[in-house]
Every structure is written in structure tokens, then in C-alpha cells.
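J.:
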Ligand code: SF4
């Protein structure tokens, strides 16, 4: 980057193969400072701190929902105070007492209560998933993992990324590149419980993952299992939430203190486009709200996938919003869109997105980012 570091969101072209050298960029290190410290095992991941914040009661199951949330919010205040001390190196994890019933336990209990009338995402289906019912995502109480491996195709600061692909998604994008696991064969993944999920994360970390990348489909329908797995995870590793970020406010509250780095996808600047192409309502208000919460709570890389013919309605609006609201975020403007799934099968239904974005459209997206004052530096 030329000149002084700035608190404008930082745009860079993602170039593969620079996972080592990316950390020589002081701006990337500054903006991902917490993630960097946890990745290098210099600080404990947030979930480990959550486990050391003691809940004031032992019997969480006997508490009313409102009381559980009240306790949650009190413990959250305590968490942020402790986190600041840990960040500064004034307190070490070992100096904090192990909690018999912890802040993390409160989060897990709340997630399982939410599962009974599911409000994990803003579709708010209200179905009892513990009874095997399913909502729009078609995921019941069981968590299915389609695959897990060290992903080397993610953004440079993340690779190798210990990526866990969950089956199912709360979006129904007509161009989904992962439609086999998100929409069509969601029953084919391996059912995993929390202990198994922790074991997967342990293996990924021990074999060199820089982070645990919860993705899918979308990880949101599996919030309960993911949170519970952190109770059993015995290695220090950054937790990464790779999501459409259509989570409910309640889900965001559960995630805020356990996610070390956010990797949300901000696609649409228009609710009409979101509704037509991903079948969701009220997209911009919900997703921008959650981006704001994520940006306030931790390190963040925002992805924006450039859709052909959607420069004015989506790309420019999203970039403008990011410039005005997420000053510390790194931003990846992605040009790899290609027509898949329903768009590939019935292009006449979605002619606007039935091709790749052109070079001209990509240049216009980057030029616009520069005009907004977003810092742009090709990393090579
Ligand atoms: S996760 Fe979202 S889509 Fe799935 S059942 Fe819950 S509220 Fe509905």
C-alpha cells in the first residue's frame, strides 16, 4: 500500500500462492491482528476464554429463557473485559480458572433452546428441529459434514484453511456452485456429533491448518453442534465463520464471542436481486446489520462476488456501504462467478446472470472501489 496506513476498508486482488508473504504486509497484519496472534498460538482463541468465564448457576436447563439470556449478556460484558486484558498480554489463559459451568455452556444451552423453534437465521422458520422437523434449509437436528480438508484456495491469510463443509443451506441461490451439498444431496453427508466435530478440528489443526473454517452450504443451521464442539476441542485454533451472514440477531449474539475471524459474503445491494436469485427477503437490512456486528466484534475479510449485469444495483452499493461502515475490514472483490445449477440448466430464466462477469465489469468494480477511497493494492 502506498502511504500511511488508513482506516478505510482495504481491498486487494486475491492472488493464490502468497500465503507466506502476505504476512509481510503490515496492513494485513494490523487489520487481522487478533487472528494472526491466535493463528501463531501467541493468544488463545476466544472459545477458550469463554470456557474460563464462570456462569453463576449450575443448572442451566432449569432456567427460563429470559434468565438464560440475561446471564448470557452479563457474562458477555465480563468476556470483553477479559479479552482486552488477554489481547494486551496482561492476562494469560492459564491464569484464568477453569469454569465448572461456563459462558460457553450458556451459549450451547441457548442454541439448543433455539433449535426447538428454530430461529438460527432470519427466515425464523420456528420449526422444532429437535423433533426431526425441518425448515427452509432442510437440515434437521443432525449435523452432516460433506467433506473436510486443508483448503488452499481461500484468501492468502487463511491458507491452509481447515475447512469443514456442512451440508444444507438457508439460501437457495439459483447459481450455487456447491449446489450438490447445499441444495440437492444434503442427506449424503456424514452425521457428526459435537465430539466428532471437535476431533475433526483437532486433526486439521495438528496437520497444519491456520484456522477452522466453518462453511457449507452455510454453517448457520449447524450452530448448535459447532458451539458444542468447542466444549471438547483441546487445541488452540482460530474459529472462522464463512457465511452468507443471514443469521438471526440471537445467533449473532451467540457467535460474537467465539468467532476469531469473520469471512462473510456480501453479495446483493438490492433486496429485489436477493429475492430473485437467492430466495431471501429483506436481505440488505439483515446482512448489513450483521456485518456491522461482526466488524465491531472482530477481524474480518468481506467477500463480494461480482455478478454480471449487477454492477449498479449490487456491486457499487455493497462497496459503498462497506466503505462507510466497515473501516477495518479487508475486502476481496471476487471475479470467479460462473453460471451453475439452475442458471446453467435454464439460462433463459435468469439471462442477466447467465454468463461470467466481463473484464470490463471487473475493472469497473475495482475502479469504483478506488474512487470510493478504498485502498487498493494488488498483492503478488
Ligand atoms: S436455520 Fe434458518 S432456514 Fe434453517 S430451520 Fe432454522 S430458521 Fe429455518
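Numbering (the working numbering), first residue to last: 439 to 818. From the three backbone atoms N, C-alpha and C, an ideal C-beta is built for every residue, glycine too. Being a predicted model, the structure only gives us computed values, none of them experimental.
1. Distance check for residue 654 and residue 443, CA to CA, integer angstroms please.
2. Say yes only if the C-beta of residue 570 is nearer than 6 Å to one or more non-hydrogen atoms of the ligand SF4, and no if none qualify.
3. For residue 774, count neighbouring Cβ atoms within 10 angstroms of its own Cβ and tell me buried if that reaches 16, exposed if not.
4. Assuming residue 741 contacts residue 772 (C-beta within less than 8 Å), just tell me the rounded distance between them.
5. Less than 7 Å between the beta carbons of residue 517 and residue 695, yes or no?
6. Below 8 Å on the Cβ atoms is my contact criterion, and I expect residue 490 with residue 536 to pass it. Report the Cβ-Cβ distance as a whole number of Å.
7. Going by the CB atoms, is the gap between residue 777 and residue 761 shorter than 7 Å?
8. Could you give the first and the last residue of the continuous beta strand (DSSP E) run that contains residue 759?
9. For residue 484, count neighbouring Cβ atoms within 10 angstroms of its own Cβ and tell me buried if that reaches 16, exposed if not.
10. Where does the unbroken beta strand (DSSP E) through residue 585 begin, and where does it stop?
11. Given a threshold of 16 other Cβ atoms within 10 Å of its Cβ, counted over all protein chains shown, does residue 677 qualify as buried or as exposed?
12. What does the shell around the ligand SF4 hold, if a residue joins when its beta-carbon is under 5 Å from any heavy atom?
13. Can you give the beta carbon distance from residue 663 to residue 608, rounded, assuming they're within the 8 Å contact cut?
14. For the alpha helix (DSSP H) containing residue 664, list its first residue and its last residue.
15. From residue 557 to residue 656, what does the alpha carbon distance come to, in whole angstroms?
16. In chain order, what are the residue ranges of uninterrupted alpha helix (DSSP H) at least 4 long that sit wholly in the region 476 to 507?
T.: Judging by the given coordinates:
1. For residue 443, the pLDDT reaches just 44, beneath the cut-off of 50, and the residue's location in the model is therefore unreliable, leaving the point undetermined.
2. no
3. exposed
4. 6 Å
5. yes
6. 6 Å
7. no
8. Here residue 759 belongs to no beta strand (DSSP E); instead the alpha helix (DSSP H) covers 754 to 763.
9. buried
10. 581 to 589
11. buried
12. 556, 558, 559, 561, 563, 573, 574, 575, 608 and 659
13. Wrong, their Cβ atoms sit about 15 Å apart, outside the cutoff.
14. 661 to 670
15. 15 Å
16. 484 to 488
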